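A short worksheet on the structure shown next.
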Amino acid sequence: MNINQTLSASYEESKRIIKEAQANNKLVLFVGAGASIDSKMPSWKEAISKVKKRLGIKENDYLKIPQYYYDARGKKEYTALMRKIFKYGQPLSTSTVHKKIMQFNASTIITTNYDHLIEQASEENAEVRQVISCDSDLPYETASKELIKMHGDFEHDNFVLKEYDYLHYSSNFKLIENYIKSIIGSKVILFLGYSFNDPDIKQIFTWVKDILKKDFQRAYLINVDDEYDPNKEEYYKNLGINVIFAKAWLDDPDDMDKSDLLNGTLNKILSPEELEPVEAIYDKLKDFNDLNYVYKKYIADAFWNYGIAINPKNYLYARNSQGSKILSDIYDADSNEHTEKLRDIIEHSNIKGYLLNDKTIELNKANVIAQWAEAVFNFDFEKLRKIRSENNNFLNENNPEKYLVQASISYYLEDYIASYNYLKQASKYFYHNQLYVYYFISEVNKKYLSKLIPKPIKDSDTEKNKLLEKIKSETDGINLDRILRSLPNINNDEFLNDILQFTISYSVFQSLYNKSIQSKKEANTNYIIYSGPAAYEQLQSDTIDFFKYELENHLLLDHFQPNVDVYKMYIRGKLLSTSSPDKKDELLFGRTIIEHNVHSKALNKFDLYIILKYLGNAASIRELFNSYSIININVNDDGLNYLNIIVDNILKTKNKKLLNVNYWNLIALCGRINLTQDVVDKILESMIHDINYDNFSQNQNIIIDFVNNARHQNLLIGRITYLKKILDEALREMISRERTDYEHLVKVLGFSIKELGKLYTNNLKIKKMMNMQFDIVLIDLYPVCSNDIKDQIKKFYLGKIFDPINENLDIYCKLVVNKIIFPREDIEEKIINIFKKDNSSMGDTKPIPGDLLRPLVTLYLNDEILDKQQIKELISKYAFEIDKWLVDPTNFDYTNFHIDWLKECNLPLLEKLSKEAGKEIKHEFINTYQHEYLDKNLLDIYFKYFA
C-alpha cells in the first residue's frame, strides 16, 4: 500500500469517527478565521500584516504585533483599528462554508472569530443558537444549541488578540476556559479555518492534554495550507490532533484555492459512506435489530433507492437489474454478517417472501405470537393476570424487556399505576444496557400513560394521593424531544420521531381512507376480469401491520385518538365491503355477461377484535352497524371459532370494570353477526345471572338486537327457559322500582316466547302490574299470555275511562289494536268535538298538534274506527303529512312525499301501499335515486315491493 492509499484509509477512518460523533451529538466544531475568508473577512495573517504595516516593524510574532500597537497608541485607537480591520458593523454575507457548518447540526460551535457570520447562518438555517461571549453569559444559557465566542467580541469589548489578552485569558475568561476544557475533553473536536501558525490550537490542547493525559479524546484539524508533511503530522499527533491534509485527500487539489479545499474536505466528511448496497440497506435498518416487529414502511424506504419494492401482496421484488442482484445477494449468496441480520429484520415484518427469476420464494417465518399478546387478542384477562404473576419471579436488570412485558400486561388490564411502575424499571435497565430504542419507547409510554392515571386530589394527604403526585411530578419532567435528541448510537431516529409525533398513525389513516374509497368502488363495480389483490385485502393487511407494530413492540398508545381513528377507519371500510351484496350477471344482446364485484364475503377474527376493542362502547357499535343499515353480517369459520373463545374469556373476567365494558360490547356485536348455538346459549345463561338493573336499563336495545338476531337465525329453539327467566327478571326489576323501563324488551321477549309455541303464565306479576297501572307493558304482554291471564287483562280495562286530551289516548288505541277492548264511539266523538271546537275559535290554524291524531291513524289503518268519514277528514286536515299519506295514498300529493317514510311501514302495510300507490311510489324512488344516495334498507324495500 503506497502513501496515498494509507492516507486515504486513515482519512476515511477519521471521517467515520467524525460522522459517528455527529450522529451521537458528540461533535463540536471549532471555527477559525479561514472559514470567513469567502465572506471578505481577513485571515489571521492578513489582519496582523495590516497592524504590522502601521507600525513599520519587522516583528513576526503574531501576538506581540497587536500588543505593540496597543502600547504605542492606547486602547481607543487600538480598538478602533481592530474594529476596522475585522469589519465590525459592516454587512457581510454567509458563505458556502457556513452553510456546510450548519449541515453538521452540532449542538456546540466554538469560534475564535469576532464576526457574526455563524449567528447569521444559524438564523438562515432556522435554528436558535445562544451566543456565549463572556463568563456572565454562561449561567443564563437556555437554548439547546450554543455558539461560544471564546475570544469575546467587539460588543462586550473583550476581544482577545494581543499578547496581554492571551497571558491573562485564564483570569478574564475563567468560566469559559473551564467549560471549553470540559467540552474538548469529552467530545470529538473538528477544527476548520485554522492554520498551523494560529496560536489558539497549541494553547487549547496544552490545557486538556495536561489534564487527561492518556485518556485524551483526539481532535481533528483540516489543513488547507500545506502539502502532506509527516513531521507536522507527528508533531500535532503528540498534541492530540489528527491532521487531515486536504491536498492529500482531494482529487486535483492543484486547481483549488483554500476555500475550494476547505469546502471539498467538508463535502467529503458530510457525504454518506460509500457502502456496498446490502451493507447500506442494513445500515438504514440496523436500529430495528432490537424490535420484535418492523413496520413495512421502513423496509420499503430502505430498499427503494436500490431498485427493490414491496408489492401489494407483501413480497419484495426487483424493479431493475440492480435490485435483482441485491435480492440475490441477500437470499441466494453465501451468508455474511449483514445478510443474516437483514434477513432477520425482514422476517420480523409482514413481508411474506420475494420474487426472483420468475419464482416466488416464501420466507420460513415462525409466526409465533407471545403468550401475553395472544391473551390480549383473546380478551383473556385472567390469563394475563396469571402470566404477570409468573413473570414477577423472573424479573432482573439483565432482561429489561420482561419489565416492558409486565407494563404491557398491566396496561391491558387497565392497572395503569402498576404499568407505570414497571415502565420506570424498564427505562432504567434499558438505559443501563444501552438498549436506547426500547428506552425511548418506555419513556414515551410513561409520558402518555400518565394521562390515564387519575390526577392527585387537592389538599388530600392519603398514601395513594402522594403516589399520584409523585407520578405527575415525574412525568411532567419527561421531555421526549430532548431525550430523542440525546440518544447515542442511533443511526436513524426517523421511526422514533414517528412514534413521538404519531406520524405513522396519521399516514396509515390517510392510506386506509383512500383504500376504503377504492374498496367501496370495487364493491359497486362489475368486473369481467379483476386482478387482485382487492382494496379491502390491502386495507386489512395495512391495519394488521400497524396493529402488530404497536402491540409487539409494547407501544402503549392505542387509547389515543390518532390510533383509535385508524382502527375506526379500517372497520368502517371493512363493514362497507362485507355488507355489499354480490352483483348479478347482466344480459347483453341476448347473452349473459358473467361479471362480479369485488368485496369481502365475511368478517374475520381480526375484525371482531377491532370492533370490540376500539369502537368505544356498546351504543357506538350499534350506531355503526345502524349507519350502514346492517341487520346481520357474515362471519367466517375462523371468526366464529374466535367468537366462542372470547365469549368464554370475557364471561370469566373477575374485574367488574373490564367485564362490564367488554360484556356489553360483545352483546352489541352478537346482535349483528351470524352466531353459533354455543355462543347464544352462553350469553343467555349469563343474562340470567350477571345482569343488574342499571345494565338492563342502559342496554335494553342491545339485548333486543341480540334476541332478535338469535331468533332470526333459529337459535332460540328449545331456549324457552332462558327467555322466561330473562323476561321475569325484567318485570321484577320494573315492579320493584315502579318504573316501566323495559317495555320494548318485554315485548320482544314475549313475542319470541310465543313464536316458540309457549305462553306467559306468571299470574302474580300480571296482577302487580295491573295495580301499578303498567298499561304499556300489559298491552305488549297480552298477545303472549295464556287465555285466563288475557281474560283478567280484558276485565281490567273494561269500562276504563279515557280522556282524549290526556296521554292515555295512546293506551286506548293500543288496547283496541290488540283486541283487548272494542272501538268506542264516545272516545271518537270527544276527539272530533275537540278539533271542531278549537278550530271554530282559531280559524284555519291547527289548535292541537298532529301528535294527537297519530294513534287514530294507527286505528284507521287497522280498520278499528267507527266514524271513518269524520276521522279521515280530521286526519286529512290536521295530521302530519306522513299520516295523511298512509290514510289515503292514492289521492296524496306526492310533491310532499319522502322516500324515508317507507322505513316506518311494516310488511303488511308495504304490501297494501304497493297495490294502492305502487306506480307513484316507484316514480319517487327513481327520481330520488338519481339525485341522492339510498341506503340498503330502502333499496331492499324498492326491489321487493315496487320494482
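Following this note's numbering, the numbering of the sequence shown begins with 3 at its first residue and continues without gaps.
Heads up, the beta-carbon is just placed ideally off N, CA and C, and yes, glycines get one too.
Keep in mind the model is a prediction, meaning the values are calculated, not measured.
Whole-angstrom distance between residue j and residue i, CA atom to CA atom
i    : j    : result
K950 : Y414 : In this structure the chain extends from 3 to 949, so residue 950 is not present and cannot be described.
I719 : D937 : 32 Å
E275 : I20  : 12 Å
F945 : K821 : 34 Å
E539 : S581 : 15 Å
I652 : F381 : 6 Å
L766 : F798 : 15 Å
I873 : E830 : 8 Å
N359 : D331 : 13 Å
Q715 : N467 : 52 Å
K430 : N394 : 17 Å
S421 : Q408 : 7 Å
I473 : N657 : 24 Å
F562 : E735 : 38 Å
D890 : F899 : 12 Å
K886 : F894 : 7 Å
S475 : P583 : 56 Å
N499 : I283 : 20 Å
V510 : F549 : 11 Å
I685 : I669 : 8 Å
N864 : K914 : 12 Å
G920 : N528 : 30 Å
Beta-carbon gap between residue i and residue j smaller than 7 Å
i    : j    : result
A37  : L287 : no
N294 : I353 : no
A250 : L9   : yes
V748 : D790 : no
D812 : P857 : yes
V681 : A712 : no
I328 : P255 : no
T860 : C815 : yes
I246 : Y13  : yes
Nearest neighbour of residue i, chosen from the options [CA to CA]
i    : options                : result
F88  : R75, D117, L653        : D117
K367 : G355, W374, D360       : G355
F837 : Y433, Y616, Y880, Q542 : Y880
L758 : H153, T678, L725       : L725
V568 : L94, Y616, A536, L557  : Y616
L660 : H170, N619, D805       : N619
S754 : A428, C672, D707       : D707
V1   : N174, Y784, K66        : Nothing about residue 1 can be read from this structure; the chain reaches only from 3 to 949.
C787 : L800, I768, N773       : I768
E926 : P201, A949, D231       : A949
Exposure of residue i, with buried meaning 16 or more beta-carbon neighbours within 10 Å
i    : result
T847 : Any reading at T847 must be qualified, since the residue scores a pLDDT of 44, below 50, and its modelled position is unreliable; the value itself is stated next. Per the 10 Å Cβ criterion, exposed.
A320 : buried
D257 : exposed
T655 : buried
H340 : buried
K792 : buried
L252 : buried
G845 : Reliability of the predicted coordinates at G845 is poor, the pLDDT of 42 falling under 50, and no value is obtained from them.
E731 : buried
L277 : exposed
A311 : exposed
N664 : buried
I705 : buried
H933 : exposed
I348 : buried
F161 : buried
Per DSSP, cross-strand counterpart(s) of residue i
i    : result
T113 : V33, K151
L553 : BP columns for L553 are empty, so no partner.
A221 : I243
C787 : Y762
V190 : L29
K361 : L358
Q520 : None, per the DSSP bridge assignment.
A320 : I310
Q132 : E148
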